[in-house]
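What follows is one structure encoded as structure tokens, with my remarks underneath.
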Amino acid sequence: SVRFGNSQNFDIYHTGARGIIKNNTGELDLFGNDIRFFSGDGNETLANFIDDGAVELYHDNAKKLETRSNGITVTGYTYSDGVTIGNGTNEKYLAGDSNQLQMYHTGSSGNGYITNNQGTLLIGGSIVSFTNQANNAFLIRAVSGGTAELYHAGTKKFETTQTGVVISGIATATTFSGSGASL
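Quick note on this note's numbering: the sequence shown kicks off at 5 and runs consecutively.
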């Protein structure tokens with residue numbers, strides 16, 4: 005063990021199983037143009053802290069996270085308990101090679117948007133439902149291989165069936181024409 009400091013608060017020692025650098029009082033500061041961490045045999049990079057540049061974190065010698073001047077780059081999947089994208093107005097989640105899919109909130113107007121600027125926006129599931137904000141009443145509900153339903157104030161008003169449609173309440177048509185048209 006080697007000890008440094010007025011009260012010998014800084015230790016460097018080896019237990020026989022691991023090496024330890026221990027600072028018992030205050031901060032431990034490392035200085036260097038670039039600070040790099042490697043595996044015990046020196047064959048794998050663990051982390052790089054580059055002066056005036058990136059911080060890079062590695063897993064099994066593969067870079068997975070890198071800070072950049074405009075944000076971060078993550079390589080691979082990201083697992084999280086939650087994601088916040090900015091905390092300002094019109095900050096967007098962007099996906100696609102040209103940011104074709106966008107999801108954002110306008111802030112003061114209270115409007116949220118999901119926009120697909122190319123192709124078709126597909127929302128899939130065995131049952132797809134749109135509900136009110138409290139999530140306690142359907143607005144639209146569609147079942148794969150089955151019914152499609154429209155609701156008014158939480159009450160089903162229109163439903164497709166295997167043989168046609170069911171309308172609950174009064175159906176009003178202002179114009180009805182066409183070949184074989186009848187009511």
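Positions of the beta carbon are idealized from the N, C-alpha and C atoms, including for glycine.
Using C-beta distances below 6 Å, list every residue in its chain close to residue i, excluding the 5 sequence neighbours before and after it, in chain order.
{"i": "E70", "result": "A58, E60 and T77"}
{"i": "A141", "result": "G158"}
{"i": "R145", "result": "S133 and E153"}
So residue i is in the beta strand (DSSP E); what residue range does that whole segment cover?
{"i": "R145", "result": "F142 to V147"}
{"i": "Q106", "result": "L105 to H109"}
{"i": "V170", "result": "V169 to I171"}
{"i": "L125", "result": "Where L125 is concerned, there is no enclosing beta strand (DSSP E), given that its DSSP letter is neither H nor E."}
{"i": "F53", "result": "T49 to I54"}
{"i": "S133", "result": "I131 to T135"}
{"i": "I16", "result": "F14 to H18"}
Using DSSP's beta-bridge definition, name the partner residues of residue i.
{"i": "T77", "result": "E70"}
{"i": "R40", "result": "N52"}
{"i": "Y83", "result": "Per DSSP, none; premise fails for Y83."}
When you compare only the Cα positions, how much space is there between residue i and residue j?
{"i": "F41", "j": "A51", "result": "5 Å"}
{"i": "N120", "j": "I174", "result": "36 Å"}
{"i": "L125", "j": "N37", "result": "48 Å"}
{"i": "I89", "j": "L105", "result": "15 Å"}
{"i": "L32", "j": "F134", "result": "53 Å"}
{"i": "S102", "j": "G75", "result": "18 Å"}
{"i": "G123", "j": "A99", "result": "13 Å"}
Can you find a C-beta in chain B that's less than 9 Å from the C-beta of residue i?
{"i": "K68", "result": "The structure shown contains no chain B, having only a single protein chain."}
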